[in-house]
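Q: Dropping the structure in here first, questions after.
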Amino acid sequence: MIKTHKYKEKLLYLIIEKIPSMIEAHLQDMLQKIENFHIVIGDIEAYRTSLYSVYTTVAGILFKEDEEYAEALQQLEKTGYEVGLYFGEVKEMNREIFLQLTYSIRIYSFDYVCSLINAHLSEPEERSFLTSRFFEILNARFNSCVNGFLFAKDKQIHHLHNQKLSIMGQMAAGMAHEIRNPLCSIKGFQQLMKRMVLNDTTNTNDFLNYIDICINEITKVEDLVSDFLLLARKGDSKKSNWETVNINQIFRKVYDLATCFALEKSVTLHLSLPSTTLFTYGISSYIEQIMLNIIKNSISALNPGGILLINLYPSIDSKEAVLTFVDNGIGIPESHMNKIFEPFFTTKEDGIGLGLSICKRLVEEMQGNILIQSKEKEGTTVEIRLPLVSPADH
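Written out as structure tokens, the structure reads:
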């Protein structure tokens, strides 16, 4: 049996002396292969220090006698697993990057240490023993590290899957509820119409009125299904339908349409447009729908005499069109702010809660973003930013 203490003094110091070089070689390798590695890893110096600690531990285990070696190997596996969990759960590192990281560490450490073993031990049996042992130590450390990482990622995937199922359940329940309402009306009026025919008490005017009500309710279902499909479709709009859109023109059109809603509610709309015409690349009907949804929401939040300011202007860097809708209405409670873009979330008695969800999806599909700020009893500001283009760009 080979006794490791014979060459511990000779090799341990040399290995520890080489550790900074191993770490540097690994870091240079990662900086070349992984884009923005310093951002991915976070604190490079902290990472360097943790690697130094791992390497010195591994070097110490290499020269332990059999009983101590077995115990140290078990502890190494345990800490390796915990490190893997940390990189998976806390750092949320990409799997490919993590595997590259562990592979690089193993390659450089094995190369450096085996070179030292071969250079300073003359007996082939001793060289083979230490090389095999070092390989076993690296496997124990990094296999357990990878197992911990993969366990963390599996847990995340399972959690995301459960979240998706929960969201799908909520959306299905909301959809079923909203479809059931008009269906109940249709069923009720059909039963009434059937009784009128059976009892020979049909009044033509009443009958036609009931038919109109049923048609209106069917239209509500059709609109709901269309909105739901629009919400469910992600990035599915054909680029062939996209065009250079004159935002000023759409603002005027929607403003004219919205004026009648304002008159019904006895509120005032103020429109402000830039002197220059702003263009974006997208679908004009999307922008119309976004604006109408937001204006209707704002008007419904206003008390009689309230004001809605509708503004369009270019961003400071002239890269974006900024659309703002500022009202002095009832505002949104702070407790509701994190839910306003959720499908079927609404505080209105006659609302279904798809408007803002659809707005967000359409804005993002056109590479824009939407921000809502609100204070209860003071009002709400909606800001939308869309990329600006030149009319000649597309």
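At position 252 of the sequence shown (counting the first as 1) the number is 252 in this note's numbering, and the numbers step up by one without a gap. Cβ atoms here follow ideal geometry from the backbone N, Cα and C, with glycine treated the same way.
1) For Gln-367, which of helix, strand or coil comes out of DSSP?
2) Using a Cβ-Cβ cutoff of less than 6 Å, which residues in the same chain neighbour Glu-378 once the five nearest sequence positions on both sides are dropped?
3) What residue from Lys-91, Glu-17 and Ser-272 has the CA that sits closest to Tyr-47's CA?
4) Quick one: grab the DSSP three-state call for Asp-327.
5) In this structure, does DSSP put Gly-60 in helix, strand or coil?
6) What's the C-alpha gap between Glu-35 and Lys-153?
7) May I ask you to report which of helix, strand or coil DSSP gives Glu-136?
8) Does the beta-carbon of Glu-320 have 16 or more other beta-carbons within 10 angstroms, so that it is buried, or is it exposed?
9) Compute the beta-carbon to beta-carbon distance between Leu-292 and Val-254, rounded to the nearest angstrom, for a pair I have assumed lies under 8 Å.
10) Can you tell me which of the three DSSP states Thr-79 falls into?
11) Three Cβ pairs or more, each shorter than 8 Å: is that satisfied between the segment 264-277 and the segment 304-312?
12) Output the distance between the C-alpha atoms of Cys-145 and Tyr-13, rounded to the nearest integer angstrom.
13) Closest to Thr-380 by C-alpha separation, out of Gly-42, Phe-129, Met-366 and Asp-327, would be which residue?
14) What whole-angstrom Cβ distance do Gly-355 and Asn-297 have, given they're in contact under 8 Å?
15) Please report the straight-line C-alpha distance between Met-1 and Ile-157, rounded to a whole angstrom.
16) Give me the Cα-Cα distance between Val-221 and Leu-183, rounded to the nearest whole angstrom.
17) With burial defined as no fewer than 16 other Cβ atoms inside 10 Å of the residue's Cβ, what is the status of Leu-386: buried or exposed?
18) Can the beta-carbon of Ile-250 be found closer than 8 Å to that of Ser-284?
19) Taking its Cβ as the centre, do 16 or more other Cβ atoms sit within 10 Å of Lys-375, making it buried, or is it exposed?
20) Report all residues from its chain with a CB closer than 6 Å to the CB of Ile-370; omit the five preceding and five following residues, and keep chain order.
21) Tell me whether Met-1 sits in a helix, a strand or coil according to DSSP, three-state version.
22) Measure the beta-carbon distance from His-38 to Ser-104 and round it to whole angstroms, keeping in mind my assumption that it falls under 8 Å.
A: So, to answer that:
1) Along the sequence shown, one-based indexing puts residue 367 at 367. Reduced to three states, the DSSP call for Gln-367 is coil.
2) Taking the sequence shown and counting its residues from 1, one reaches residue 378 at position 378. Closer than 6 Å at Cβ, skipping near neighbours: Gly-331.
3) As a working mapping, residue 47 is identified with position 47 in the sequence shown. Of the candidates Lys-91, Glu-17 and Ser-272, Lys-91 places its Cα closest to the Cα of Tyr-47.
4) Taking the first residue of the sequence shown as position 1, residue 327 is located at position 327. Reduced to three states, the DSSP call for Asp-327 is strand.
5) Sequence index remark: in the sequence shown, residue 60 carries index 60 (1-based). Gly-60 falls in the helix class under three-state DSSP.
6) Position 35 of the sequence shown, counting from 1, holds the residue named residue 35. Position 153 of the sequence shown, counting from 1, holds the residue named residue 153. Rounded to whole angstroms, Glu-35 to Lys-153 spans 22 Å at the Cα level.
7) The residue given as residue 136 occupies position 136 in the sequence shown. DSSP places Glu-136 within a helical segment (H, G or I) once states are collapsed to three.
8) Here residue 320 refers to the residue found at position 320 when the sequence shown is read from its first residue. With 16 or more Cβ atoms within 10 Å of its Cβ, Glu-320 is classed as buried.
9) Sequence index remark: in the sequence shown, residue 292 carries index 292 (1-based). Sequence index remark: in the sequence shown, residue 254 carries index 254 (1-based). In this structure Leu-292 is in contact with Val-254, their Cβ atoms being roughly 6 Å apart against a cut-off of 8 Å.
10) Taking the sequence shown and counting its residues from 1, one reaches residue 79 at position 79. Here Thr-79 sits in helix by DSSP.
11) Touching, per the Cβ criterion.
12) As a first step, residue 145 must be located in the sequence shown, where it is residue number 145. As a first step, residue 13 must be located in the sequence shown, where it is residue number 13. So the alpha carbons of these two residues sit roughly 26 Å apart.
13) The sequence position of residue 380 within the sequence shown is 380, counting from 1. Checking every option, the nearest Cα to that of Thr-380 belongs to Asp-327.
14) The residue you call residue 355 lines up with position 355 of the sequence shown. The residue you call residue 297 lines up with position 297 of the sequence shown. Indeed, because the Cβ distance is near 6 Å, the residues count as touching under 8 Å.
15) For this step, residue 1 is matched to residue 1 along the sequence shown. For this step, residue 157 is matched to residue 157 along the sequence shown. In this prediction, Met-1 scores a pLDDT of 47, lower than 50, which makes its location untrustworthy; no coordinate-derived value is stated.
16) Indexing the sequence shown from 1 puts residue 221 at position 221. Indexing the sequence shown from 1 puts residue 183 at position 183. Computed Cα separation, rounded: 8 Å.
17) Looking up residue 386 in the sequence shown gives position 386. Leu-386 comes out buried.
18) Along the sequence shown, one-based indexing puts residue 250 at 250. Along the sequence shown, one-based indexing puts residue 284 at 284. Yes, the Cβ-Cβ distance between Ile-250 and Ser-284 is below 8 Å.
19) Along the sequence shown, one-based indexing puts residue 375 at 375. Exposed.
20) As a first step, residue 370 is located in the sequence shown; it is residue number 370 there, counting from the start. Lys-360, Val-363 and Ile-384.
21) Within the sequence shown, the letter at position 1 stands for residue 1. The pLDDT assigned to Met-1 is 47, lower than 50, so where the model puts this residue is not dependable, and the model offers no usable value.
22) Within the sequence shown, the letter at position 38 stands for residue 38. Within the sequence shown, the letter at position 104 stands for residue 104. In fact, because the Cβ distance is near 15 Å, the residues do not count as touching under 8 Å.
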